[in-house]
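> Quick one: the structure is below, and I'll ask about it shortly.
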Amino acid sequence: MDKFESMRIFTRIVELKSFTRAAEDLGYPKSTVTHAIKQLESRLRVRLLHRTTRQVTTTLDGAAYYERCAKLLSDLEETENVFSESAASPGGKLRVDMQGTLARHFVLPQLDLFCARYPDIELQIGMGDRLVDLVGESIDCVLRAGELLDSSMVARKLAHLEQVTVASPAYLQRRGIPQHPDDLARHRAVNFFSAPTGKIYPFEFNVDGISRQITIAGTVSVNSADAYAACCRSGFGLIQAPRYGLAPALASGEVQEVLSAFRPDAIPVSVLYPHHRQLSPKVRVFVDWLVELFRHAH
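Start counting the sequence shown at 747; every next residue gets the next number (the numbering used here).
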């Protein structure tokens, strides 16, 4: 086994924290992966990994070696991509993760156009609102709405989507229509919470040019965009979400916008990908296609 392949095996073990998962990811028997690391450590004359029955961690030397390997392999991949035929006709498996509502509303209805343009790319699409580990889960890029928290990723803004605050007519008939954010102390909300932390996301309003966050009491909290809208339509209270997902319900009268004079800032939509996949042809063409797709989104 050549040095570069040994380095690739080592970096995947570090990223996945497992010999077994690294072997599965790279398509090798576990014995081959184990033997490669033994040979690598013997050649370098240092121990790179601490191995227990539960986890794999790097030694100090291993951590330093990983940083150098990751950069070297990234540079090698980028160099080969620039000069390979795949740059002109990208192919292979592209693993993408998207928020479900963004996927269903914007991406999936137009996906056949991307597949027709790049027939050699095989798409594997995961959908959900959870935070994913791009490196650890071997995901090439993710599509997300909201402010970005992970500065270690390359991010490209695609659009800004208008947000609205709505409630069902039945709810507004019971509670009245709020005229100002200060009125919300007398109202109820369907609250949206973070699955990893359980934190409730506050409502946001622009009042006299200043952004205000307001937490509204409620009976029901959810962590699914579909459940969020469904509970609102059922009369459980106010919600705040991008207009695109609520457009049919607004048009049919199932929900009604309130506090339109105090709308929050538009929510950004971005595509994120790891630095080492920045020049991958399949990632580049997919990101460029998303830019086209969202050019007129609002």
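Note that CB positions come from ideal geometry on N, CA and C, so glycine has one too.
Under 8 Å, with one C-beta from each stretch per pair, do the region 809–825 and the region 856–876 reach the 3-pair mark?
Counting Cβ pairs under 8 Å, fewer than three are found: no touch.
> Do you know offhand how far Arg726's Cα is from Leu889's?
Limits of the chain in this structure are 747 at one end and 1044 at the other, which puts residue 726 out of reach.
> For Leu806, which of His796, Cys815, Arg800 has the nearest alpha-carbon?
Of the listed residues, the one whose Cα sits closest to Leu806 is His796.
> Roughly how many angstroms separate the alpha carbons of Arg841 and Asn952, rounded to a whole number?
Each residue's Cα considered, the two are about 38 Å apart.
> Please list the terminal residues of the continuous beta strand (DSSP E) segment that includes Gly889.
Gly is not the amino acid found at residue 889; the sequence shown has Leu there. Its beta strand (DSSP E) spans residues 887–891.
> Per DSSP, Lys903 forms a beta bridge with which residues?
Beta-bridge pairing links Lys903 to Ser1016.
> In the DSSP assignment, find the unbroken alpha helix (DSSP H) run with Val910 in it and report its ends.
Note, Val910: premise wrong, no alpha helix (DSSP H); beta strand (DSSP E) at 909–913.
> Give a yes or no on whether the C-beta atoms belonging to Ser967 and Phe939 are separated by under 7 Å.
Going by C-beta atoms, Ser967 is nearer than 7 Å to Phe939.
> Taking DSSP as the reference, what is the three-state secondary structure of His796?
The answer is strand: DSSP assigns His796 an E or B state.
> Give the DSSP-derived three-state secondary structure of Ala941 in the structure shown.
Residue state, collapsed to three classes: coil.
> Using the Cβ count rule (16 or more neighbours within 10 Å means buried), how would you classify Thr911?
By the neighbour-count rule (16 or more Cβ atoms within 10 Å), Thr911 is buried.
> Keeping to the same chain, check which residues put their C-beta closer than 6 Å to that of Ala935; ignore five residues upstream and five downstream.
Same-chain partners within the cutoff: Ile962, Gly964, Gly983, Leu984.
> Leaving out five residues before and five after Lys749 in sequence, what residues of the same chain have Cβ atoms less than 6 Å from its Cβ?
Closer than 6 Å at Cβ, skipping near neighbours: no residue.
> Express the C-alpha separation of Val853 and Ile923 in angstroms, rounding to a whole number.
Roughly 35 Å between the two C-alpha positions.
> Going straight from the alpha carbon of Ala976 to that of Val779, what length do you get?
Cα to Cα, Ala976 sits roughly 49 Å from Val779.
> So, are the CB atoms of Leu904 and Leu1036 less than 7 Å apart?
Result yes, Cβ atoms of Leu904 and Leu1036 sit closer than 7 Å.
> Classify Ile956 as buried or exposed, calling it buried when 16 or more other Cβ atoms lie within 10 Å of its own Cβ.
Answer is exposed; the Cβ neighbour count stays below 16.
> Quick one: what does DSSP say Arg989 is sitting in, helix, strand or coil?
Arg989 falls in the helix class under three-state DSSP.
> Per DSSP, Gly687 forms a beta bridge with which residues?
Residue 687 is absent from the model: the chain starts at 747 and stops at 1044.
> Going by beta carbon distance, what residues of the same chain come within less than 6 Å of His906, once the five residues before and after it are set aside?
Contacts found: Ala1012, Pro1014.
> Report yes if the C-beta distance between Val760 and Thr799 is below 7 Å; otherwise report no.
No, the Cβ-Cβ distance between Val760 and Thr799 is not below 7 Å.
> Would you check if the distance between the CB atom of Tyr757 and the CB atom of Ala816 is smaller than 7 Å?
Here residue 757 is Thr; the residue named in the question, Tyr, does not match the sequence. In this structure, Ala816 lies closer than 7 Å to Thr757 by Cβ.
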